[in-house]
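**Student:** For the sequence shown, the working numbering begins at 76 and goes up steadily by one.
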Amino acid sequence: MDESVLKIILEENTGPEHVAVLEQLTEPKHDEQIASELGVKSTIIRKLLNDLHGTSLVSYKRTKDKSTGWYSYVWEKRDDKITEYGQIKLDESLSKLKIRLEYERQNLFVCSCDTSVTMTQAMDLNFICPRCNERLRSLDNSNRIRELGDKIARIEKIIEQV
Ligand SMILES: [Zn+2]
76 MDESVLKIIL
86 EENTGPEHVA
96 VLEQLTEPKH
106 DEQIASELGV
116 KSTIIRKLLN
126 DLHGTSLVSY
136 KRTKDKSTGW
146 YSYVWEKRDD
156 KITEYGQIKL
166 DESLSKLKIR
176 LEYERQNLFV
186 CSCDTSVTMT
196 QAMDLNFICP
206 RCNERLRSLD
216 NSNRIRELGD
226 KIARIEKIIE
236 QV
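1) Mind checking whether the beta-carbon of T190 lies closer than 7 Å to any heavy atom of ligand 2?
2) Pair every Cβ in the segment 113-132 with every Cβ in the segment 165-173, then say whether three or more of these pairs are closer than 8 Å.
3) How is the beta strand (DSSP E) around E112 delimited, first residue to last?
4) Does ligand 1 have a heavy atom nearer than 7 Å to the CB of R206?
5) In its own chain, which residues sit with a C-beta less than 6 Å from the C-beta of T138, not counting the 5 before and 5 after it?
6) According to the neighbour-count rule (16 or more other Cβ atoms, all chains shown, within 10 Å of its Cβ), is I83 buried or exposed?
7) Have a look at K171, Q236, L123 and K141 and flag the residue whose alpha-carbon is nearest the alpha-carbon of W150.
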């Protein structure tokens, strides 16, 4: 998957701070090293790394210092898991968009109070808003449908290229 696309997906689903940490992991590193490179406290870096570990995007090796008895952690980025994560998130947004498109494609009826119902529902309601009793009007959502269609096409293209 394209690096820049993957970065956007990661930023949206984990957070820009997490992506900044991943970008430092060009090679396995201690959390203190990442902290000093980013100028951020180690405790914060460790929290971000734990989050990333929760979604398997990083792994660590723990070693014990024989003289101090303390543990230290060396973190590694898992590129295979990162790609997989990107694909899963893309699939998820694609199916959400498809469901949304299917909904928008039905003739929708709306009210000024933001209520929106399908044509079948509107008929059952005698075209009266259930929330405020105003008359429902037909919605022209052709632009919205076109936008959704474009988004879906873009995501499908990205998925094909993987
Ligand atoms: Zn209403």
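All residues carry an ideal CB built from backbone N, CA and C; glycine is no exception. This structure is a prediction, so every number in the text was calculated from the model and none was measured.
**Tutor:** According to the data block:
1) In the structure shown, ligand 2 is absent; the only ligands present are ligand 1.
2) no
3) No beta strand (DSSP E) contains E112, which is instead part of the alpha helix (DSSP H) from D106 to L113.
4) yes
5) S147
6) exposed
7) L123
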